[in-house]
Amino acid sequence: MLTARTAVLVSGGGTNLQALMDAQADGGLKSGQIALVIADRAGIGAIGRAEAAGVGCALIPRREPGFEQRVLDALAAHRIDMVILAGFLGILSSDFIARFPGPILNVHPSLIPSFCGKGFYGLRVHQAALDYGVKVTGATVHYVNEIPDGGQIILQKAVDVLPGDTPEVLQRRVMEQAEWALLPQAAELVAAQIVRGKEEHT
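Here my numbering is used: the first residue of the sequence shown is 458, the next is one more, and so on.
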């Protein structure tokens, strides 16, 4: 069976990676195969999650020279069709995006175009939502282009902001109610498109 070979780039605990791997295991992500995890920092939880699931993991430190070329080389070596940024804290250059032939997806913890772009990541996003006083926030999965958080939206899901929320509490709710469901759904949509393209060329 043809699948879209997928690489996941991670920088932290790997909860979104876990959601993808769980979806693959239970059939929710059937058109995509997670073939590689690339971690940009040593000792992060995502590495342990990948190893526990038997997924190959490469450590490529983002702070070291040649990071993007090394990632491109790894993607080529593993014949990767699609890249997913799941809690990846780097911003890929326009050169990288132009050179990788497949789609690149990112999950962002707000309803784009709110609270997004350069400097909006992690708890900063949720703090900004609370400071602004919005009553609804959420998560967005979008295609990656040369503008941070500026690519075409694939899926969005809203999450209520509740009285007394802290950035940490809101972050957890957005992950549980939106990100962990939305990312596998979007990955399956895009992977299915890739598989259809492969079938048409066989």
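Quick reminder that beta carbons are idealized off the backbone N, C-alpha and C, glycines included.
Nothing here was measured: the structure is a model prediction, and the numbers come from that model.
CA nearest to the CA of residue i, picked from the options
i: M458; options: K487, G500, L493; result: K487
i: E521; options: C573, F557, G547; result: G547
i: L612; options: V528, A503, R527, V564; result: V564
i: L639; options: V647, E657, T597, G576; result: T597
i: G471; options: D497, R462, A461; result: D497
i: A534; options: G513, Y578, P518; result: G513
i: V626; options: T659, A509, A586; result: A586
i: G595; options: D617, P558, E525, S550; result: D617
i: P566; options: F545, S550, L549, P558; result: F545
i: P624; options: A615, G485, R581; result: R581
i: D622; options: C573, I610, H583; result: H583
i: R519; options: Q490, G505, L549; result: L549
i: R462; options: L562, G485, Q490; result: Q490
i: I610; options: D588, L562, F577; result: L562
i: A615; options: T460, S571, A464; result: S571
Assumed close pair residue i, residue j - CB separation to whole angstroms, cut-off 8 angstroms
i: D606; j: I554; result: Contact flag wrong, Cβ pair sits at about 13 angstroms.
i: V494; j: A507; result: 4 angstroms
i: V647; j: P560; result: 6 angstroms
i: G590; j: H599; result: Actually they do not touch by this definition, with Cβ atoms about 25 angstroms apart.
i: E657; j: N473; result: Not confirmed; about 30 angstroms, so no contact.
Spatial distance of residue i from residue j (CA atoms)
i: A644; j: G469; result: 20 angstroms
i: A492; j: L516; result: 14 angstroms
i: A531; j: P620; result: 46 angstroms
i: K575; j: V601; result: 13 angstroms
i: R629; j: K655; result: 37 angstroms
i: V528; j: E603; result: 17 angstroms
i: A649; j: Q642; result: 11 angstroms
i: G500; j: E633; result: 24 angstroms
i: G579; j: D552; result: 25 angstroms
i: L466; j: G511; result: 16 angstroms
i: A503; j: Q526; result: 22 angstroms
i: P558; j: F524; result: 18 angstroms
i: R536; j: V593; result: 40 angstroms
i: T411; j: V631; result: The first residue shown for the chain is 458 and the last is 659, placing residue 411 beyond what the model contains.
i: F577; j: T659; result: 42 angstroms
Near the ligand MN: residue i beta-carbon under 7 angstroms from a heavy atom
i: S567; result: As for the ligand MN, it is missing from this structure, which has no ligand bound.
Within-8 angstroms CB hit, residue i to chain B
i: P522; result: The chain inventory of the structure shown lacks chain B, comprising one protein chain alone.
The region 474 to 488 / the region 536 to 552 touching (three or more Cβ pairs under 8 angstroms): Contact between the region 474 to 488 and the region 536 to 552 is present, because at least three Cβ pairs lie under 8 angstroms.
Every unbroken alpha helix (DSSP H) within the region 526 to 559, with a cutoff of 4 residues, ordered by chain: 551 to 556
Contained alpha helix (DSSP H) runs [length at least 4] in the region 553 to 607, N- to C-terminal order: 580 to 589
Segments of 3+ residues assigned as beta strand (DSSP E) that fall wholly inside the region 495 to 528: The region 495 to 528 contains these whole beta strand (DSSP E) runs: 514 to 516.
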